[in-house]
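Colleague:
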Amino acid sequence: MTNTYRRAVFVGPRQIRIDEVPIPEPGPRQALIRVRACGLCTWEQRMYIGEEPYYPLAGGHEVAGELVKLGDKVFTDAKIGDRVVASLLTRCGYCESCRKGLDNICDNARAPFFDTDVPGPAGLAEYVLMDDYQLYKGANDIPFEELCLTEPLACVVRSVRKARLERGENVLIIGAGIMGMLHLVLAKQAGTRVMVSEPNAPRAEFARQMGADIVINPFEQDLAESVKQATNGRGADVIFCATAAGPLVELAVNLAAKGGRVMVYSSIHPRGTKISVDPNIFHNKEVTLTGTVSQDRQDVWEAVRLITQRKIDLKPFVSRVFPFEKLEEGLQEALKLDTYRVVVTM
Ligand SMILES: [Zn+2]
Ligand SMILES: [Zn+2]
Numbered sequence: 150m151t152n153t154y155r156r157a158v159f160v161g162p163r164q165i166r167i168d169e170v171p172i173p174e175p176g177p178r179q180a181l182i183r184v185r186a187c188g189l190c191t192w193e194q195r196m197y198i199g200e201e202p203y204y205p206l207a208g209g210h211e212v213a214g215e216l217v218k219l220g221d222k223v224f225t226d227a228k229i230g231d232r233v234v235a236s237l238l239t240r241c242g243y244c245e246s247c248r249k250g251l252d253n254i255c256d257n258a259r260a261p262f263f264d265t266d267v268p269g270p271a272g273l274a275e276y277v278l279m280d281d282y283q284l285y286k287g288a289n290d291i292p293f294e295e296l297c298l299t300e301p302l303a304c305v306v307r308s309v310r311k312a313r314l315e316r317g318e319n320v321l322i323i324g325a326g327i328m329g330m331l332h333l334v335l336a337k338q339a340g341t342r343v344m345v346s347e348p349n350a351p352r353a354e355f356a357r358q359m360g361a362d363i364v365i366n367p368f369e370q371d372l373a374e375s376v377k378q379a380t381n382g383r384g385a386d387v388i389f390c391a392t393a394a395g396p397l398v399e400l401a402v403n404l405a406a407k408g409g410r411v412m413v414y415s416s417i418h419p420r421g422t423k424i425s426v427d428p429n430i431f432h433n434k435e436v437t438l439t440g441t442v443s444q445d446r447q448d449v450w451e452a453v454r455l456i457t458q459r460k461i462d463l464k465p466f467v468s469r470v471f472p473f474e475k476l477e478e479g480l481q482e483a484l485k486l487d488t489y490r491v492v493v494t495m
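Right under this line is the structure:
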């Protein structure tokens with residue numbers, strides 16, 4: 150083992166610097182992992198093209214690897230060499246949000262990471278250091294490329310959990326990207342009937358393959374009409390907005406059945422986008438409009454269990470794998486509409 154490792158840092162639009170930094174020694178309640186796979190999430194893609202211009206930033210938060218070193222005060226079943234998941238979101242544990250069970254939106258989430266020379270989760274690297282609570286034991290027979298999708302899956306676990314799906318309900322998913330499709334898989338497991346709205350033909354086809362009951366092309370069919378027809382005019386009980394467009398949230402509120410829940414899953418860009426809805430919908434139909442962001446510890450735990458107990462197959466979501474050396478190529482590929490998740494391996 151040499152004593153330095155490579156770490157990617159976003160330094161400007163379409164500019165990535167590769168640093169050679171010393172391998173850190175874990176403290177008593179820390180773990181060091183050798184990163185083996187890291188997913189290229191929308192966040193990293195936006196950073197790469199300059200939509201999230203917070204430079205310099207060490208990206209990479211969908212991380213799976215091998216446990217290399219463990220501090221002596223870490224309580225875990227994972228042994229050195231085991232496959233583990235790094236949930237790199239910072240959860241201080243002490244702020245009001247963390248103490249209220251909202252550690253996904255910890256008040257101190259933007260506090261400095263350990264690699265204090267550059268902020269960011271720093272998972273696009275050969276090694277990553279983390280606190281004990283960020284370490285989750287994986288399973289040694291699950292490929293790293295799939296294990297690293299724990300993070301996006303955990304976000305969707307949260308969204309579906311908060312939507313309180315009941316068997317037999319009608320669910321509408323707007324957008325058949327990877328997030329929409331992970332919603333589809335979990336919603337089907339919950340015993341619901343799922344409609345998917347997606348204009349892109351290959352994505353619509355993928356939604357069908359993944360078990361969508363009804364797939365609607367909103368450019369060819371009237372989405373509102375199609376949903377009404379499929380639900381005897383009642384509307385959808387739960388609507389997941391998995392496309393970053395404000396007007397679709399408006400539409401979703403109007404398409405919700407009595408007692409319906411509209412879940413804003415995607416962050417809507419540009420930030421500050423406004424929508425306009427009739428507030429009587431919330432009164433007369435008891436519709437709920439809410440959303441989720443990231444995942445709390447329980448969501449991560451659930452996602453890890455779903456993967457390691459093989460309750461979900463993530464293979465179809467890994468579109469392409471690039472070696473770390475071809476990170477930029479991987480990011481360009483990830484930006485294409487026909488990929489679900491592009492993963493880099495170290
Ligand atoms: Zn992510
Ligand atoms: Zn906190």
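First residue of the sequence shown? That's 150 in the working numbering, and the numbers climb one at a time after it.
Ideal Cβ positions, reconstructed from N, Cα and C, are used throughout, including at glycine.
Here the structure is a predicted model, which means the values were calculated and not measured.
1. Mind checking whether M495 and R185 have CB atoms under 7 Å apart?
2. Can you look up C390 in the DSSP assignment and give me helix, strand or coil?
3. Considering Cα atoms alone, identify which of F355, Y204, V233, V309 is closest to I291.
4. Using only alpha-carbon positions, find the residue among Q444, V493, P419 that is nearest to E201.
5. Using a threshold of 7 Å, state whether the C-beta atoms of N319 and A385 are closer than that.
6. Report the rounded CA-to-CA distance for L302 versus N381, giving the unit in angstroms.
7. Run through DSSP, which three-state label would N381 get?
8. Can you have a look at E474 and say buried or exposed, based on whether 16 or more other CB atoms are within 10 angstroms of its CB?
9. According to DSSP, simplified to helix, strand and coil, what is L511?
10. Kindly say whether I322, judged by its beta-carbon, lies nearer than 7 Å to any beta-carbon of chain B.
11. Any heavy atom of ligand 1 closer than 6 Å to the Cβ of C190?
12. To the nearest angstrom, how far is it from the Cα of N349 to the Cα of F355?
13. Can you tell me where the beta strand (DSSP E) with I291 in it begins and where it stops?
14. R248: buried (16+ other C-beta within 10 angstroms of its C-beta) or exposed?
15. Is it buried or exposed for F368, if we count other Cβ within 10 angstroms and need 16 for buried?
16. Buried or exposed for V442, please, with buried defined as at least 16 other CB atoms from any protein chain shown within 10 angstroms of its CB.
17. Is C241 close to ligand 2? I mean its beta-carbon at under 6 Å from any heavy atom of the ligand.
18. Please report the distance separating the alpha-carbon of R490 from that of L296.
Modeller: If we stick to the structure as given:
1. Between M495 and R185, the CB-CB gap stays under 7 Å.
2. Collapsing the DSSP output to three states places C390 in a strand.
3. The candidate whose alpha carbon is nearest that of I291 is V233.
4. Minimum Cα distance to E201 is reached at P419.
5. It is a contact, given that the beta carbons lie within the stated cut-off.
6. Put simply, the backbone Cα of L302 is about 32 Å away from that of N381.
7. N381 falls in the coil class under three-state DSSP.
8. By the 10 Å Cβ count, E474 comes out exposed.
9. Because the chain in this structure spans residues 150 to 495, residue 511 falls outside the shown range and cannot be described.
10. Among the chains of the structure shown, chain B does not appear; only one protein chain is present.
11. Yes, Cβ of C190 sits closer than 6 Å to a heavy atom of ligand 1.
12. Cα to Cα, N349 sits roughly 10 Å from F355.
13. First-last for I291: undefined, no H or E at that position.
14. When all chains shown are included, R248 counts as exposed.
15. Classification of F368: exposed, given that the 10 Å Cβ count is below 16.
16. Looking at its Cβ environment, which holds fewer than 16 other Cβ atoms inside 10 Å, V442 is exposed.
17. Yes - ligand 2 has a heavy atom lying nearer than 6 Å to the Cβ of C241.
18. Roughly 12 Å between the two C-alpha positions.
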